[in-house]
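When the letters of the sequence shown are read in order and numbered with the working numbering, they come out as residues 1 to 278. Built from N, CA and C at the ideal position, the CB exists for glycine as well. Bear in mind that the values here come from a model prediction, so they are computed numbers and not experimental data.
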Amino acid sequence: MHSAIVIGCGGPGCNIVSRVRDSTDLPTMTVNWTDADVEILPPEMAENEVHGNAELAAKCLEAKRNEILLNIDGYSEIILVTALGGGLGSAAVEFISKCARLADSKLIAAIVIPFKFEDERRAHTLRDAFGMEELADRILLMDNQRFIETGGTEYVANDALGAVEDMLKDAVVELARLLDTVPFFSTLTQKSYSFSHDDAGSLEESVMSAADHPMFDVDPGNGKLIICCDAAISDIEAERVCSNVTDHTGIRPEIISGTEPKGHGVTVFIPISRRSSQ
1 MHSAIVIGCG GPGCNIVSRV RDSTDLPTMT VNWTDADVEI LPPEMAENEV
51 HGNAELAAKC LEAKRNEILL NIDGYSEIIL VTALGGGLGS AAVEFISKCA
101 RLADSKLIAA IVIPFKFEDE RRAHTLRDAF GMEELADRIL LMDNQRFIET
151 GGTEYVANDA LGAVEDMLKD AVVELARLLD TVPFFSTLTQ KSYSFSHDDA
201 GSLEESVMSA ADHPMFDVDP GNGKLIICCD AAISDIEAER VCSNVTDHTG
251 IRPEIISGTE PKGHGVTVFI PISRRSSQ
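Okay, here's the thing in structure tokens:
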């Protein structure tokens, strides 16, 4: 049995969690107004009447409390994937936080920050994202715009959206694998994280490149990096990478060996400080 269940709330969250479901055996649940495992749309209302209404979303989620609690029962951690736009996603973090406490589970909120062209939703998310620290045990931030700024400029809009959904899907899967492997608090020692993935060069090159291109602004000196390798690595390789990262950041990382037979791909979870988020 896996340690964590992955929950998607709202459109972006459900899209990402559907990708998790299609590619892994991780336990998942989707929650949305319609077309989800747990559908919360009141029967007397149309879907176009409810978008952006966080107060209504909170009431509708509460009506599904027992069903959601039943689905999360037995899991040590909940990974909630959502976007904060003032509607269902915003209500979901507070509601799932309450459910996690009732289930005695840890909550990690993986929050999608919209592209710059989504002006109002982006502003809302950037304003509220760090407030989620009070509701979740840990938060993981991905700024869609950083994908464009770090090399995704060749994508047209729809392709870029699919690519960032795949990137966060991969990070969530890696996070779930991490939680199956190591203790929660002693590994995820900081409150807020971003992440990056790289597989372009040697193991050391991939780690350093990933650490230098996070999906949210970070302070490299804020805390230890958590390096999750795709492939199994030797103790000698792990020590070499740890030494290089320590020289680069001043803080010794934690490195988790993978399960693939070969490859140099890594996902790096990188702490965020309030200083770096200003």
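- Between the alpha carbons of Val31 and Arg138 lies a distance of about 21 Å.
- Leaving aside the five residues that flank Glu205 on each side, none in its chain has a CB nearer than 7 Å to its CB.
- Only residues of its own chain outside the window of five on either side were considered, and among them Phe95 have a CB closer than 8 Å to the CB of Glu62, listed in chain order.
- When Cβ pairs closer than 8 Å are counted between the two stretches, the segment 171-184 is seen not to touch the segment 114-130, the count staying below three.
- Taken in chain order, the unbroken stretches of alpha helix (DSSP H) that lie wholly in the segment 9-48 and span 4 residues or more are 10-23.
- In the three-state reduction of the DSSP assignment, Arg240 falls in the helix class, which pools H, G and I.
- A straight-line Cα-Cα distance of about 15 Å links Glu133 and Met142.
- For the pair of segments examined, the segment 228-240 was found not to touch the segment 160-167: the number of CB pairs separated by less than 8 Å stays below three.
- Contact between Asp199 and His264 holds: their C-beta atoms lie close to 6 Å from each other, under 8 Å.
- In the three-state scheme derived from DSSP, where H, G and I count as helix and E and B as strand, Lys191 is classed as coil.
- The distance from the Cβ of Ala58 to that of Ala91 is about 4 Å, consistent with a contact at the 8 Å cut-off.
- For the 8 Å CB-CB criterion, Pro42 and Cys14 do not form a contact.
- Secondary structure of Leu140 (DSSP, three-state): strand.
- The Cβ-Cβ distance between Val93 and Ala136 falls below 8 Å.
- The DSSP assignment places complete beta strand (DSSP E) segments of no fewer than 3 residues inside the segment 52-100 at 77-83, in order along the chain.
- The Cβ atoms of Ile272 and Ser186 do not sit closer than 8 Å to each other.
- In this structure, Phe184 lies away from Phe269, with their beta-carbon atoms at least 8 Å apart.
- For Val6, the beta-bridge partners assigned by DSSP are Thr28 and Ile79.
- DSSP places Val268 in the uninterrupted beta strand (DSSP E) bounded by Val266 to Pro271.
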